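Right, one structure below, let's go through it.
In our numbering, the protein residues as written are 7 to 311.
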């Protein structure tokens with residue numbers, strides 16, 4: 007694939023998904039608007055990125071019921087949201103644009119991955135998150151859908167990505183988790199049994215962000231026809247980004263996060279991205295939303311000099 011210095015993938019389609027039912031805590035539905043208000047458009051324009059569309063997914067904000075599939079809360083609403091997001095993402099890819107999905111909680115990535123796998127049959131995925139998001143309906147302690155996207159995408163949950171029209175499963179060999187530090191027992195078992203690449207905060211401390219990202223890019227990019235970044239703002243340390251619903255101490259620093267995004271941009275491999283879990287209610291000073299904007303700019307090619 008060509009590098010970011012070229013014209014390729016400089017045209018970005020923004021897809022806003024104001025959805026909170028996957029985390030069970032209101033506020034993340036305000037995330038897309040918070041990110042926009044924090045100056046995303048001006049940042050992208052400043053680095054020469056052309057925004058060729060800005061659409062909002064008409065997803066449910068007020069659920070009719072509760073748990074509808076085993077232990078997963080608001081399952082019907084999550085499934086419908088995923089279908090709608092998939093359609094938006096698929097149309098962006100068909101038009102040759104870079105889909106930049108603004109969440110919403112991390113369950114929106116179910117829709118992103120569904121839409122992407124309809125076109126990329128060998129998609130690489132880099133999952134930048136404090137959590138593994140590999141729970142199934144049986145192993146989830148909370149029943150919140152933002153903890154199951156990768157199990158859905160790998161076909162390990164009862165609800166599978168292939169339940170969404172046109173979608174296919176992702177390959178475990180091309181999935182990489184980065185920044186993880188809060189892993190449930192069922193997720194640990196799945197990571198170990200399936201040999202999923204997982205760089206925890208221990209690995210980042212031990213190896214450094216440069217080595218971790220070089221390895222992550224090599225794994226996700228080997229022989230793939232596209233690479234997707236799913237960036238959860240709770241990957242950052244809460245001292246840096248407190249405006250998230252599920253903060254975990256001991257996370258990635260502000261500068262480490264930027265460096266990771268810069269290395270991804272330099273790789274020239276990224277074809278799509280999610281930015282999720284900014285909670286507009288908890289982000290009192292909009293610092294987390296501003297970080298989301300700054301990291302998006304770094305991911306799309308912004309440099310210090």
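Just so you know, even glycine gets a beta-carbon here, dropped at the ideal spot from N, CA and C. Predicted, not measured: the structure shown is a model, and the values here were computed from it.
In the displayed model, residue 60 falls within a strand according to three-state DSSP. Between the stretch 183-197 and the stretch 133-146 there are three or more inter-stretch CB-CB distances shorter than 8 Å, so the stretches are counted as touching. Straight through space, the alpha carbons of residue 19 and residue 98 are spaced by roughly 6 Å.
Between residue 111 and residue 283, the gap from beta carbon to beta carbon is short of 7 Å. DSSP places residue 32 in the coil class of the three-state scheme, outside both helix and strand. Counting only residues of its own chain and dropping the five nearest sequence neighbours on each side, residue 84 has a CB closer than 6 Å to the CB of 28, 113 and 151. With a minimum length of 4 residues, the unbroken runs of alpha helix (DSSP H) contained wholly in the stretch 119-176 fall at 155-160.
Taken in chain order, the complete beta strand (DSSP E) segments of 3 or more residues contained in the stretch 75-111 are 104-109. For the pair of segments examined, the stretch 296-304 was found to touch the stretch 37-54: the number of CB pairs separated by less than 8 Å reaches three. Taking C-beta separations shorter than 6 Å and ignoring five residues to either side along the sequence, the partners of residue 36 in its chain run 286, following chain order.
The C-beta of residue 237 has 16 or more other C-beta atoms within 10 Å across all chains shown, which makes the residue buried. For residue 296, the enclosing alpha helix (DSSP H) has its first and last residue at 293-305.
Residue state for residue 224 is assigned as helix, using DSSP reduced to three classes.
In the three-state reduction of the DSSP assignment, residue 19 falls in the strand class, which pools E and B.
Secondary structure of residue 53 (DSSP, three-state): coil. In this structure residue 134 is in contact with residue 185, their Cβ atoms being roughly 6 Å apart against a cut-off of 8 Å. Taking all protein chains shown into account, residue 309 has fewer than 16 neighbouring C-beta atoms within 10 Å of its C-beta and is therefore exposed.
Counting along the chain, the unbroken alpha helix (DSSP H) around residue 269 starts and ends at 260-273. In its chain, beyond the 5 residues on either side, 124 have a beta carbon closer than 6 Å to the beta carbon of residue 172. Using a 10 angstroms sphere on the CB of residue 216, the tally of other CB atoms stays under 16, which defines it as exposed. In the three-state scheme derived from DSSP, where H, G and I count as helix and E and B as strand, residue 247 is classed as coil. In the three-state reduction of the DSSP assignment, residue 189 falls in the coil class. If you ignore the 5 residues before and after residue 163, its C-beta comes within less than 7 Å of the C-beta of 142, 143, 154 and 157, all in its own chain and listed in chain order.
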